[in-house]
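Before any comments, here is the structure.
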Amino acid sequence: MTDRLAQLQAAGVAIWLDDLSRERLVTGGLDKLRRECHVSGVTTNPTIFAKALSDADVYAEQIKDLATRGVDVEEATRMLTTYDVRWACDVMHPSYEVSRGIDGRVSIEVDPRLAHDTPRTAAEARALWWLVDRPNLFIKIPATLEGLPAITETLAHGISVNVTLIFSLQRYEQVMDAFLAGMEQAKANGHDLSKIGSVASFFVSRVDSEVDKRLDKIGSPEARALKGKAAIANARLAYQRYEKVFGTDRWQALADAGARPQRPLWASTSTKNPEYRDVMYVEELIAPGVVNTMPEATIHAFADHGEVRGDTITPYYAEAQKVLDDLARLGIDYDDVVGVLEREGVEKFAASWNELLEGVTKSLDAAKSGAADPGKAAAGCAKTEAQQ
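The structure is reproduced here in structure tokens:
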């Protein structure tokens, strides 16, 4: 059988899982993906944790202990989530060792309600780093304007960062500048730059969801012809900017001191429109030195029928720019699109965080009262193995 995931990895794409739950850890499902599906990293977000804690009863014993201790819901939530992330870091540590610290990373996000509060974001980033206490951890910080200085400050302390919720090319350039500034400060502070990792999570499918909605309103043949093209074009132009920034003398000075590039990470790569090929955001974004974080279903879909056609990014810069130019001619306001997506992204993660807190509150209350709250067992690996 053709190992399509191995081919994808050989083409320069690090395959990460966009999911985590206690169930995956207890059953060994995460380790199985690492060993058999070339998964070399894990990303999480508040939505993932909210789902994990609502679907499984494997947290019951820990929640009972937290309730007995009388901890508040904020502390309980952080204890539950950091426990899972620490465990996942240990599971992924072989990938960290084999890649010499490039992969094997697990991400945990700062409280998304702090997305517009620079000092509190930076302080929580440090607190999460202390709590998880694993060298292969990434702290996720949103790429809001207020998040940019927090990214620099966090890196300056020698803490590895996953910058999340990037939608616009301009913001991506600001993120890379924040990374370079942080690494320069880390060097001045005496940190070993080779130990500090970073990725920049550039969101993909949500761009098509927003742009396609606007194209449908226009309804012309020209508009219909552009559906499903904006997200890939946007990501390809982001990679073009990545190549430019990491070819500068400024970057080379850091590289000479041991620093590694901040890799582009393609996030939100499951297709939202069922009319689109289910692996198109993987197939069309292949180039050296990128990460693609996928739900497990997308990983198995690619293993089944994904195609690796070499570099599908750098030969298409002119084509990508034409897509954005054609959208602008139709009246699609790029700045408005990415602005809406950033605001919605922060709001959705904040809502998921509140949902997570509500779920933990109910579980703590149930544990205090002695009520049974078994939850539902999370889906095992049988279905996904059959799909593969």
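Heads up: the sequence shown is residues 885 to 1272, going by my numbering. Glycine residues also receive a C-beta, built at the ideal position from the N, C-alpha and C atoms.
The DSSP-derived three-state label of T1036 is helix.
Per DSSP, F1063 is one residue of the alpha helix (DSSP H) stretching across 1053-1072. Relative to R1125, the option among D1188, Q1058, N1157 whose CA is nearest is Q1058. Secondary structure of T1048 (DSSP, three-state): strand. Taking the CA atoms as reference points, E1008 sits about 10 Å from T1002.
About 11 Å separates the CB atoms of A1034 and I1043; that is not less than 8 Å, and the two are not in contact. Cβ contact annotation for S1093 (same chain, cutoff 6 Å, sequence separation greater than five): K1156, in chain order. The beta-bridge partner set that DSSP reports for W1237 is empty. For V1174, the closest alpha carbon among the candidates R888, D887, H1041, L892 is that of L892.
Using a Cβ distance threshold of 7 Å, R1090 and L1225 count as a contacting pair. For P1003, the enclosing alpha helix (DSSP H) covers residues 1002-1016.
Distance between P1105 and T886, taken at the CA atoms: about 39 Å.
In the three-state scheme derived from DSSP, where H, G and I count as helix and E and B as strand, A1122 is classed as helix.
In the DSSP assignment, P1026 falls outside any alpha helix (DSSP H) and within the unbroken beta strand (DSSP E) covering 1021-1026.
T952 carries a helical assignment under DSSP once its states are collapsed to helix, strand and coil. With 16 or more other Cβ atoms from the protein chains shown falling within 10 Å of its own Cβ, T1038 counts as buried. Straight-line spacing of the CA atoms in G1223 and Q1054 works out to 11 Å. Per the coordinates, the alpha-carbon of F1063 lies some 6 Å from the alpha-carbon of T1036. Each of P1019, G1074, T1196 was checked against the Cα of V897, and the nearest Cα belongs to T1196. Counting only unbroken stretches of 4 or more residues, the alpha helix (DSSP H) elements lying wholly within the stretch 1133-1207 are 1133-1140, 1164-1167, 1180-1189, in sequence order. Per DSSP, reduced to three states, the secondary structure at I1102 is helical.
From the listed residues W1150, Y1160, A1139, the smallest Cα separation to A1122 is found for W1150. Under a 10 Å Cβ-count criterion, K1113 is classified as buried, with 16 or more other Cβ atoms of the shown protein chains found around its own Cβ.
Beta-bridge partners of E993 (DSSP): K1024. D915 and M976 have their alpha carbons spaced roughly 7 Å apart.
Around the Cβ of D1017, a 10 Å sphere holds fewer than 16 other Cβ atoms; the residue is exposed. Per DSSP, reduced to three states, the secondary structure at V1083 is strand.
Counting along the chain, L964 sits inside the alpha helix (DSSP H) bounded by residues 957-982. Counting along the chain, V910 sits inside the alpha helix (DSSP H) bounded by residues 906-911. In terms of CA proximity to G1066, R1134 leads the group L1110, R1134, I1116, L917. Residue pairing for G925: DSSP places it in a beta bridge opposite R989. In this structure, G925 places its C-beta atom within 7 Å of the C-beta atom of R989. Within the same chain, L1248, A1251, K1252 come within 7 Å of A951 by CB-CB distance, once the 5 residues on both sides are set aside. When the five nearest sequence neighbours on each side are left out, the beta carbons in the same chain lying within less than 6 Å of the beta carbon of P1145 are those of F1130, in order along the chain. Sequence-distant partners of S1052 (beyond 5 residues in either direction) whose C-beta falls short of 7 Å from its own C-beta, in its chain, are V1222.
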